[in-house]
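Heads up, the thing below is written out as structure tokens.
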Amino acid sequence: MFYLTPLTNLPMPSYEQVFENNKNWIASKKATNKDFFINLAKGQNPNYLYIGCSDSRATAEELMGAAPGEVFVHRNIANVISNVDLNVMSVIEYAVTHLKVKHIVVCGHYFCGGVKAAMQSQDLGILNPWLRNIRDVYRLHKEELNSIKDEEQRYMRLVELNVEEQCINAIKTAAVQKAYLETGYPLVHGWVFNVKTGELLDLKIDFDKKLKGIQEIYNLGTNK
Ligand code: CO
Numbered sequence: 493m494f495y496l497t498p499l500t501n502l503p504m505p506s507y508e509q510v511f512e513n514n515k516n517w518i519a520s521k522k523a524t525n526k527d528f529f530i531n532l533a534k535g536q537n538p539n540y541l542y543i544g545c546s547d548s549r550a551t552a553e554e555l556m557g558a559a560p561g562e563v564f565v566h567r568n569i570a571n572v573i574s575n576v577d578l579n580v581m582s583v584i585e586y587a588v589t590h591l592k593v594k595h596i597v598v599c600g601h602y603f604c605g606g607v608k609a610a611m612q613s614q615d616l617g618i619l620n621p622w623l624r625n626i627r628d629v630y631r632l633h634k635e636e637l638n639s640i641k642d643e644e645q646r647y648m649r650l651v652e653l654n655v656e657e658q659c660i661n662a663i664k665t666a667a668v669q670k671a672y673l674e675t676g677y678p679l680v681h682g683w684v685f686n687v688k689t690g691e692l693l694d695l696k697i698d699f700d701k702k703l704k705g706i707q708e709i710y711n712l713g714t715n716k
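For the sequence shown, the positions run 493 to 716 when the working numbering is used.
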């Protein structure tokens with residue numbers, strides 16, 4: 493049974509349909525490569541760690557055209573990297589130290605509900621401390637953001653600045669600093685997914701410059 497999602501006007505699968513879809517997916521994978529799942533079970537060796545928003549529209553693998561096994565994924569509301577979040581910190585540690593990913597991508601998206609909520613005066617309960625991370629980004633860039641008169645433009649810019657600040661948070665971790673100074677990897681990239689066009693925008697964050705810029709304060713002695 494299908495009903496339409498109001499957002500996309502596309503049929504949304506019913507609960508039962510999900511398992512039908514899964515069977516079809518298995519068949520289609522085996523049709524192109526009969527050993528697909530045998531190979532998948534051998535292990536993972538992804539080059540990418542993708543940290544993105546939980547928003548159902550901003551998928552990781554699909555927008556990158558990536559296959560299973562190629563991207564290690566972490567998603568949370570508004571793609572926040574908080575140093576007191578054991579979840580994201582564990583993901584970074586595991587991806588960098590054990591999987592030895594070459595690239596860490598922080599991917600935000602325009603029309604992000606989490607970023608929008610952080611721009612408004614409202615009490616959202618347990619979401620308050622989480623969204624405070626984004627309010628902190630606003631405070632760091634208050635002059636630039638307040639100079640943008642158009643509210644939608646300001647909202648879009650905050651999405652970009654949030655990505656940039658979360659990239660810096662990734663660079664602040666010992667795992668990233670240590671691996672980068674030893675091997676030249678991982679590189680940290682900031683992306684924005686445009687929900688309206690499907691386009692992926694590379695904010696071209698200068699990793700080396702950002703690292704040098706914060707090292708006076710955030711150097712963890714990992715280069716000794
Ligand atoms: Co979002």
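Built from N, CA and C at the ideal position, the CB exists for glycine as well. None of the values given here were measured: they were computed from a predicted structure.
Under the three-state DSSP convention, the category residue i falls into
| i | result |
| --- | --- |
| H633 | coil |
| F494 | Residue placement at F494 is flagged as unreliable, the pLDDT there being 41, under the threshold of 50; a coordinate-derived value is accordingly withheld. |
| R549 | coil |
| G605 | helix |
| H573 | A small correction: the amino acid at residue 573 is Ile; His does not occupy that position in the sequence shown. Coil, per DSSP. |
| D698 | coil |
| V510 | helix |
| M556 | helix |
| W517 | helix |
| L619 | helix |
| L591 | coil |
| M648 | helix |
| M504 | strand |
| D527 | coil |
Option nearest residue i by Cα separation, candidates the options
| i | options | result |
| --- | --- | --- |
| L712 | A671, K696, N686 and E691 | A671 |
| M648 | T665, Y630 and I660 | Y630 |
| V597 | D700, K702, Q707 and L695 | L695 |
| V565 | N654, L541 and L619 | L541 |
| I697 | L616, E512, H595 and R646 | H595 |
| W517 | V607, C545, L653 and P560 | P560 |
| Q658 | A519, N568, Q536 and I709 | N568 |
| I706 | Q536, F685, I660 and A519 | I660 |
| E562 | N525, Q536 and F685 | Q536 |
| K666 | N513, K521, T589 and D527 | Per the sequence presented here, residue 666 reads as Ala, with Lys not at that position. It is T589 whose Cα lies nearest to the Cα of A666. |
| R549 | I709, F685 and F699 | F685 |
| V668 | H681, I584 and S639 | I584 |
| V655 | S574, D700 and A523 | S574 |
| Y602 | N579, L616 and E643 | E643 |
| N539 | L632, L532, V572 and A587 | A587 |
| K701 | L679, G690, E691 and W683 | L679 |
Bridge partners - residue i, DSSP secondary structure assignment
| i | result |
| --- | --- |
| L541 | F564 and I596 |
| V680 | I596 |
| L693 | V684 |
heavy atom of the ligand FAD below 7 Å from residue i C-beta
| i | result |
| --- | --- |
| A523 | Among the ligands in the structure shown, the ligand FAD does not appear; only the ligand CO can be found there. |
Review point. Around the ligand CO, what residues have a beta-carbon under 6 Å from a heavy atom of it, in chain order?
Key: C545, D547, A570, H601, C604, G605 and G606
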